[in-house]
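Numbered per the working numbering, the sequence shown spans residues 1344 to 1687. The beta carbon of each residue, even a glycine, is placed where N, CA and C say it ideally should be. Below: the structure, in structure tokens.
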Amino acid sequence: MKMTFRWYGESDPVTLEKIRQIPRMSGIVSAVYDVSPGEIWSRESIAHIKELAEKNGLEFEVVESVPVPEEIKLGGQKAPELIENYCENIKRLGQAGVRCVCYNFMPVFDWLRSELERPGADGSNALAYDEATVLSMNPLTSELSLPGWDESYTKDGLRALLERYSQIDEEQLWQNLSAFLKSVIPVAERYGVNMAIHPDDPPWGIFGLPRIITCEKNLERFLSIVDSPANGLTFCTGSLGANPENDLPTMAKKFAKRIHFAHLRNIRITGDRKFEEVGHPTECGSLDMYAIVKSLHEGGFDGYVRPDHGRMIWGETGRYGYGLYDRALGATYLTGLFEAIERG
Ligand code: DNO
């Protein structure tokens, strides 16, 4: 297991100098942020991240994300050309020493929350999700900005996109994902990169848009599309765990060898399709973090781990879910869990 930490680049208030002081931190998870989805990343930009990381004693072996353009998810006319660009990025990343690439296949919206600063009883605040509130926010009229929302969509662009997606059901999305994997995975294999799809967050369809990376059965189907180790998973407990029907320890053990990246965080389920983010330890929420880590270990997991969304504590402000303090506490908690379990 290698413990890593997400870093949003030079504008991130959580600096590399701070990240390196978290005990046992091996590397950063980052991306080239100044290009649009579908564009090719310059070798200089990739090398620059690596150089900055290494200057701070950190590795740069994990990218999150190389975003998949909507045109690919839609299986549009330009999809083949954009898939080629995607492959070029994987090649360049592999050549620069990146070993794992996290991405997702969620139509239009990445992760969604209805509240960004839900106060906790202890004076912290955290992200929360309530389906009724989310559905009352029409994406075309709402002024609310959500953490996973791509601010670059204009209302008209978004309307046109949603219109195109109205033709795409789950089966069609599977077909488009399959075409993507069949081109990308052989390139990933060639350049020593493990692709790790991120589950949909939350793991169900939203605003009438299909979502398919949601549950054990679908993960199995996903892995069988290209049955290669390079076609793997990001096991995000907070995403999959929002559906109580997902038995995370069972899934962790079953898929362990194809899990290249684990996002380990806890949530508290507060009702039907309602949850809030909490501190990482088991006792803080609904997920049995000990059982999950134990299952990963027993299944033979040997990938990258990162703490995931943290609460805002000790008066910290910053990027929602991505402050320093609570994620650092999460990292040390997880490191301890792994040490205890690995030593048996
Ligand atoms: C949220 C993240 C996601 C994730 C992407 C992966 O905090 O886990 O935004 O990076 O879905 O493509």
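Check: Hey, quick one: how far does the beta strand (DSSP E) through Met1346 stretch, first residue to last?; Outcome: Lys1345 to Arg1349
Check: For ligand 1, is there a heavy atom less than 7 Å away from the beta-carbon of Asp1453?; Outcome: yes
Check: Reducing DSSP to helix, strand and coil, say where Phe1448 ends up.; Outcome: coil
Check: From which residue to which residue does the alpha helix (DSSP H) around Asn1561 run?; Outcome: Glu1559 to Ile1568
Check: Would Leu1459 and Tyr1472 be called neighbours here (beta carbons separated by less than 8 Å)?; Outcome: no
Check: I want to check one thing, is the minimum distance from the CB of Tyr1472 to the heavy atoms of ligand 1 below 7 Å?; Outcome: no
Check: If you drop the 5 nearest sequence neighbours on each side, which residues of the same chain put their C-beta closer than 8 Å to that of Cys1627?; Outcome: Asn1609, Arg1611 and Val1621
Check: What does DSSP give as the partner residue(s) for Phe1403 in the beta ladder?; Outcome: Ile1371
Check: Which one of Arg1616, His1652, Phe1618 and Ala1683 has the shortest CA to CA distance from Leu1672?; Outcome: His1652
Check: Taking 7 Å as the cut-off, is the beta-carbon of His1606 closer than that to any non-hydrogen atom of ligand 2?; Outcome: Because ligand 2 does not appear in the structure shown, any question about it cannot be addressed here, the ligands present being ligand 1.
Check: Could you please give the first and the last residue of the uninterrupted beta strand (DSSP E) stretch that includes Pro1650?; Outcome: Tyr1647 to Pro1650
Check: What does a CB cutoff of less than 7 Å around Trp1384 pick up in its chain, not counting 5 residues either side in sequence?; Outcome: Val1375, Val1378, Asn1432 and Arg1435
Check: Contact check, Pro1450 vs Leu1552 under 8 Å by CB: the rounded distance?; Outcome: 4 Å
Check: How should Ala1464 be labelled, buried or exposed, when 16 other C-beta atoms within 10 angstroms of its C-beta is the threshold for buried?; Outcome: exposed
Check: Output the boundary residues of the alpha helix (DSSP H) element that contains Met1632.; Outcome: Met1632 to Gly1642
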